[in-house]
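According to this note's numbering, the sequence shown holds residues 557 to 726 in order. We put the CB at the ideal spot given by N, CA and C, even for glycine.
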Amino acid sequence: YDLRDTLAGSIKEDALRRSRPWYALILLNKKVSPRKPTSMDVDLGKRAKAKKLPVEALETWKEQMSALDAVVTVADLSEAIRARDQMRCESSRLGVAYRNGDLELLTALLLVPRTAEELLWKRNRAWMPKLEGYLASGGAFVAVGLGHMLGDSGLPSLMTRAGYTVERAP
Numbered sequence: 557y558d559l560r561d562t563l564a565g566s567i568k569e570d571a572l573r574r575s576r577p578w579y580a581l582i583l584l585n586k587k588v589s590p591r592k593p594t595s596m597d598v599d600l601g602k603r604a605k606a607k608k609l610p611v612e613a614l615e616t617w618k619e620q621m622s623a624l625d626a627v628v629t630v631a632d633l634s635e636a637i638r639a640r641d642q643m644r645c646e647s648s649r650l651g652v653a654y655r656n657g658d659l660e661l662l663t664a665l666l667l668v669p670r671t672a673e674e675l676l677w678k679r680n681r682a683w684m685p686k687l688e689g690y691l692a693s694g695g696a697f698v699a700v701g702l703g704h705m706l707g708d709s710g711l712p713s714l715m716t717r718a719g720y721t722v723e724r725a726p
């Protein structure tokens, strides 16, 4: 009932009962987040459309959902429900770490060892040929979630190991 009550107004109860744990977790995160920013995907999509720029995905939505299905469990959702008050604090810490460029804290807050391989590293490796293709054809603007940028198997590390020069933008 805690989840239902917390998400009241965000999703109908019967839809919540049928939803996958990862979807309910996303809704919970949105609900308890102290800020309600526009998603990066939506914002960048609007900007690209306004400039008549092509938009491509690094993976299909089915591949994305499959990765989430593989790692987010009912136990994860239950833990998030119990910790929802701390989620506000974590979200604030994440924002501060991001603004300060604190990669160590971002890594500690975002990378979950149990899920990183399936949710991040495996996908990063799958994206590398596509990214290298973009670079070979003159480059492209690429946007990914922050977790994909962190750690030894993050995209910057993979690109560096592949021989590219990677610089963090100021």
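For a test of the three-state rule: what should DSSP assign to residue i, helix, strand or coil?
i	result
Ser-648	helix
Ala-580	helix
Thr-721	coil
Ile-637	helix
Glu-688	helix
Leu-667	coil
Glu-660	helix
Pro-610	coil
Thr-562	helix
Thr-629	coil
Ala-699	coil
Thr-716	helix
Ser-622	helix
Asp-599	helix
Asp-570	helix
Leu-706	coil
Tyr-615	At residue 615 the sequence reads Glu, which differs from the Tyr that was named. If DSSP states are grouped into helix, strand and coil, Glu-615 belongs with coil.
Excluding the 5 residues preceding and the 5 following residue i in the sequence, name in chain order all residues of the same chain whose CB lies nearer than 8 angstroms to its CB.
i	result
Asn-680	His-704, Ser-709, Gly-710, Leu-711 and Leu-714
Glu-615	Arg-679, Ala-682 and Trp-683
Ser-589	Met-643, Arg-644 and Ser-647
Leu-666	Leu-650, Leu-702, Gly-703 and Leu-706
Pro-577	Val-628, Thr-629, Val-630, Asp-632 and Leu-633
Here's a check: name, in chain order, each residue in its chain whose Cβ is nearer than 6 angstroms to the Cβ of residue i, leaving out the five neighbours to either side.
i	result
Leu-559	Ile-637
Arg-603	none
In or out: residue i buried (at least 16 other Cβ within 10 Å) or exposed?
i	result
Val-628	buried
Ala-664	exposed
Leu-691	exposed
Leu-584	buried
Trp-617	exposed
Leu-687	buried
With a CB to CB cut of under 7 angstroms and the five nearest residues on each side skipped, what residues in its chain are close to residue i?
i	result
Arg-510	With the chain represented from 557 up to 726, any question about residue 510 goes unanswered, as that position is not in the structure.
Ala-623	Glu-674, Leu-675 and Arg-679
Is any heavy atom of the ligand SAM found at a distance shorter than 7 angstroms from the C-beta of residue i?
i	result
Ala-604	Only the bare structure without any ligand can be found here, which leaves the ligand SAM out of the picture.
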